[in-house]
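Undergrad: Here it is, the structure in full.
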Amino acid sequence: MLAIWLSVILVTLYVLYSYITRVKYNCPGPSNWPVFGCLFQLESSRLHLSFDRWAQKFGPIIHCKMASTNVYVISCPRLIKKAFADKGYSDILNDRPDTFLAKYIMDDSKGVIFGKYGPTFIRLRKTMYNGLKMYGVGVQQFESMAHKELDKLVQIISDLEGKDFDPKPLLSRSLASLIGILLTGSMVDESDTDLIWKYNNNFNDTFEMSREVMLYMFPFLRFMPVEMGRTYRRTVKAKKELLDKFFYLHKETYVPGCERGLIDALFNLQSQDKSDGDTQWLTDSQIKAFIQDIIVAGLLTTRNGLLCILLVLLHHHDSVDRMYEEIVDVVGLERSPSLKDKPSMPYTEALILEVLRYVTHAPLGAPHGAMEDVVFEGYIIPKGSKLITNIWTAHHDPAIWVDPWVFRPDRFLDDNGELLPPEHTLRQSLLTFGTGKRVCVGENLAKSRIFLYLTALIQKFDLRMPKEGTVPSDDPREFLPGAVLRPQDYMMRLTVRQN
Numbered sequence: 011m012l013a014i015w016l017s018v019i020l021v022t023l024y025v026l027y028s029y030i031t032r033v034k035y036n037c038p039g040p041s042n043w044p045v046f047g048c049l050f051q052l053e054s055s056r057l058h059l060s061f062d063r064w065a066q067k068f069g070p071i072i073h074c075k076m077a078s079t080n081v082y083v084i085s086c087p088r089l090i091k092k093a094f095a096d097k098g099y100s101d102i103l104n105d106r107p108d109t110f111l112a113k114y115i116m117d118d119s120k121g122v123i124f125g126k127y128g129p130t131f132i133r134l135r136k137t138m139y140n141g142l143k144m145y146g147v148g149v150q151q152f153e154s155m156a157h158k159e160l161d162k163l164v165q166i167i168s169d170l171e172g173k174d175f176d177p178k179p180l181l182s183r184s185l186a187s188l189i190g191i192l193l194t195g196s197m198v199d200e201s202d203t204d205l206i207w208k209y210n211n212n213f214n215d216t217f218e219m220s221r222e223v224m225l226y227m228f229p230f231l232r233f234m235p236v237e238m239g240r241t242y243r244r245t246v247k248a249k250k251e252l253l254d255k256f257f258y259l260h261k262e263t264y265v266p267g268c269e270r271g272l273i274d275a276l277f278n279l280q281s282q283d284k285s286d287g288d289t290q291w292l293t294d295s296q297i298k299a300f301i302q303d304i305i306v307a308g309l310l311t312t313r314n315g316l317l318c319i320l321l322v323l324l325h326h327h328d329s330v331d332r333m334y335e336e337i338v339d340v341v342g343l344e345r346s347p348s349l350k351d352k353p354s355m356p357y358t359e360a361l362i363l364e365v366l367r368y369v370t371h372a373p374l375g376a377p378h379g380a381m382e383d384v385v386f387e388g389y390i391i392p393k394g395s396k397l398i399t400n401i402w403t404a405h406h407d408p409a410i411w412v413d414p415w416v417f418r419p420d421r422f423l424d425d426n427g428e429l430l431p432p433e434h435t436l437r438q439s440l441l442t443f444g445t446g447k448r449v450c451v452g453e454n455l456a457k458s459r460i461f462l463y464l465t466a467l468i469q470k471f472d473l474r475m476p477k478e479g480t481v482p483s484d485d486p487r488e489f490l491p492g493a494v495l496r497p498q499d500y501m502m503r504l505t506v507r508q509n
């Protein structure tokens with residue numbers, strides 16, 4: 011009799027345990043098809059909108075299958091920071107998963123963006139920080155380069171006084187020139203900037219996540235006469251042309267000890283390894299991937315960010331007036347705005363932060379990978395899983411942001427008109443550049459360029475609607491899809507301010 015009761019108790023406990031663990035460990039999410047997983051349920055060109063709908067339905071952590079890969083999408087700022095910045099998880103969840111793009115385009119994950127987490131990655135990341143020179147004396151060097159490019163841009167726009175024009179090609183050329191100078195240490199011509207953008211645009215098309223998944227599942231598609239195959243081949247061709255100019259030609263003219271720009275600085279590091287007799291850690295493949303990282307991370311997001319800001323300001327001219335008043339008070343009209351002025355310009359900084367939140371032009375962060383099994387928020391995340399930061403939903407959560415679809419820079423200002431401190435909840439919930447060990451290495455560079463370009467334009471010009479036609483909506487839900495969102499092409503006018 012006792013044995014029967016013990017058996018009943020054990021069976022009951024087992025059933026309860028099975029039920030509890032089933033509820034606890036089965037992460038919610040959409041249903042998955044055999045082989046393809048959830049791919050047929052996704053709006054392939056607008057994954058951020060699909061993930062947003064799922065977050066509303068299933069919660070801040072969802073699980074789905076993309077082909078055979080376990081994918082976990084995290085949509086809550088607190089949980090994103092916990093997963094990728096907290097000590098208990100950051101050493102496990104900050105790898106990069108295997109991707110088609112990393113293997114076939116980015117020299118088999120040799121760079122920083124797609125590099126596998128480990129000692130080499132940490133050393134490469136530190137090298138990139140040093141190379142970008144966004145601290146100490148390097149700030150002045152960068153700012154001097156930026157002002158030269160801005161002077162050219164201002165002159166071109168002045169010649170368009172009162173005329174309707176498309177800002178995209180002007181910003182594209184100017185920003186690409188700045189990246190070219192950073193890499194080579196000298197002025198680049200129009201053919202060079204065309205090379206840079208040819209690679210960048212093709213890379214962005216290949217990086218679209220649903221296309222990436224299909225190519226990873228069926229890599230033979232890269233040779234097929236289908237659009238994703240054609241896109242891949244265009245990207246490979248653009249990469250070859252880019253590296254012929256910015257790697258091979260530069261290496262032919264390299265003089266040891268000389269440092270014309272960032273590429274030479276990398277060659278010097280490589281030569282130093284050889285002369286010291288150490289095992290060479292900085293290979294040619296890593297330098298090639300490094301160059302591609304700088305171009306990919308340093309252009310599309312900043313260009314599209316500026317296009318978004320200008321479009322938003324066209325719809326909110328009161329913000330233009332407030333920015334101009336602040337520039338006049340802090341900088342005046344006799345000199346150009348400097349990065350040293352930023353701390354004294356809280357409204358301008360708040361406006362930039364609000365556009366980065368409101369638009370969220372990079373809606374999904376680069377995927378992370380789990381290096382081992384881990385229990386996170388009660389859910390088992392198996393080794394090899396892919397984790398996606400759903401920044402789009404995190405930046406438009408009404409529980410955090412009151413009226414999230416309203417553009418309001420003042421949300422980042424306190425009652426005294428000062429910028430909210432970095433530790434404030436809203437600042438902590440802004441994840442434009444990611445968080446933790448994989449936070450964007452070019453964050454300071456991107457913020458600095460946006461500040462300098464925007465303040466230079468507002469100081470010299472007033473923004474006006476075009477004389478002919480209308481401008482598109484500034485609602486980011488209507489923006490053109492891609493790894494980096496951008497508004498539809500639009501025309502605008504800039505009129506010279508009368509000082």
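In my numbering, the protein residues as written are 11 to 509.
Quick reminder that beta carbons are idealized off the backbone N, C-alpha and C, glycines included.
Keep in mind the model is a prediction, meaning the values are calculated, not measured.
#1: Based on the DSSP secondary-structure assignment, which residues constitute the bridge partners of T137?
#2: Can you tell me which of K247, P486, F46 puts its alpha carbon nearest to the alpha carbon of T403?
#3: Where are the alpha helix (DSSP H) runs, 4 residues long or more, that stay fully inside the segment 94-135, in chain order?
#4: From V236 to T216, what distance separates their C-alpha atoms?
#5: Secondary structure at C318, three-state DSSP: helix, strand or coil?
#6: If we ignore side chains and look at the alpha-carbon of each, how far apart do R240 and G388 end up?
#7: Assuming contact is defined by CB atoms lying nearer than 8 Å, are G271 and L192 in contact in what I supplied?
#8: Over what stretch of residues does the beta strand (DSSP E) that includes L397 continue unbroken?
#9: In its own chain, which residues sit with a C-beta less than 6 Å from the C-beta of S55, not counting the 5 before and 5 after it?
#10: Would you mind sorting G267 into buried or exposed? The rule is 16 or more other CB atoms within 10 Å of its CB.
#11: Taking the C-alpha atoms as reference points, what is the distance between H405 and C86?
#12: Counting C-beta neighbours from all protein chains within 10 Å, is the total for G342 16 or more, i.e. buried, or is it exposed?
#13: Any chance you could list the alpha helix (DSSP H) runs of at least 4 consecutive residues sitting entirely within the segment 349-434, in chain order?
#14: Rounded to the nearest angstrom, what separates D176 and V384 at their Cα positions?
#15: Would you give the residue range spanned by the beta strand (DSSP E) that D472 belongs to?
#16: Give every residue of the same chain whose Cβ lies closer than 6 Å to the Cβ of R32, excluding the five residues on either side of it in the sequence, and list them in chain order.
#17: Which of the three DSSP states, helix, strand or coil, is assigned to K457?
#18: Who pairs with V506 in a beta bridge, going by DSSP?
#19: Could you tell me which uninterrupted alpha helix (DSSP H) segments, each at least 4 residues in length, are contained entirely in the segment 204-247, listed from first to last along the chain?
#20: So what's V198 in DSSP terms, helix, strand or just coil?
#21: Rounded to the nearest angstrom, what separates S182 and E200 at their Cα positions?
#22: Counting along the chain, where does the alpha helix (DSSP H) carrying Y334 start and finish?
#23: So, is N400 buried or exposed, given that buried needs 16 or more other C-beta atoms within 10 angstroms?
#24: Do A360 and L423 have their CB atoms nearer than 8 Å?
#25: Have a look at R232 and F471 and give me their C-alpha separation to the nearest angstrom.
#26: Alpha carbon to alpha carbon, what distance is there between Y226 and T109?
#27: Going by CA-CA distance only, name the one from R244, R106, I71, K178 that's closest to P497.
#28: Can you look up S28 in the DSSP assignment and give me helix, strand or coil?
#29: Check for me: the alpha helix (DSSP H) holding K261 runs from which residue to which?
#30: Can you round the beta-carbon distance between N212 and A156 to whole angstroms, since I take them to be within the 8 Å contact cut?
#31: When DSSP labels each residue in this structure, what does G190 get in the three-state scheme?
#32: Which residue marks the beginning of the alpha helix (DSSP H) containing K255, and which one marks its end?
#33: Quick check: I468 and I337, are their CB atoms within less than 8 Å of each other?
#34: Measure the Cβ-Cβ separation of R106 and G394 and say whether it is below 8 Å.
#35: Check V45 in the structure and name its three-state DSSP category.
#36: So, L49 versus M76, is the Cβ gap smaller than 8 Å?
TA: Based on what the coordinates show:
#1: Per DSSP, none; premise fails for T137.
#2: P486
#3: As far as the segment 94-135 is concerned, its whole alpha helix (DSSP H) runs of at least 4 residues are 97-103, 110-114.
#4: 13 Å
#5: helix
#6: 43 Å
#7: yes
#8: 396-399
#9: P491
#10: exposed
#11: Distance between the alpha carbons of H405 and C86: 9 Å.
#12: exposed
#13: 356-369, 401-404
#14: 49 Å
#15: 471-474
#16: At R32 the pLDDT is 40, less than 50, meaning the model places this residue with poor confidence; the figure from the coordinates comes in the next sentence. Taken in chain order, the list of residues that qualify is empty.
#17: helix
#18: F471
#19: Correct list: 219-227.
#20: For V198, the secondary structure class from DSSP, reduced to helix, strand or coil, is coil.
#21: 11 Å
#22: It spans 327-340 - the alpha helix (DSSP H) in which Y334 sits, taken as one unbroken run.
#23: buried
#24: Taking 8 Å as the Cβ cut-off, A360 and L423 qualify as a contacting pair.
#25: Here the alpha carbon of R232 sits roughly 47 Å from the alpha carbon of F471.
#26: 6 Å
#27: Minimum Cα distance to P497 is reached at K178.
#28: Because the pLDDT of S28 is 40, which lies under 50, any placement of that residue in the model is unreliable, and the number read from its coordinates should be weighed accordingly. The three-state secondary structure of S28, taken from DSSP, is helix.
#29: 259-262
#30: Wrong, their Cβ atoms sit about 27 Å apart, outside the cutoff.
#31: helix
#32: Neither: K255 is in no alpha helix (DSSP H) and is coded neither H nor E.
#33: A contact, by the Cβ cut-off of 8 Å.
#34: no
#35: coil
#36: yes
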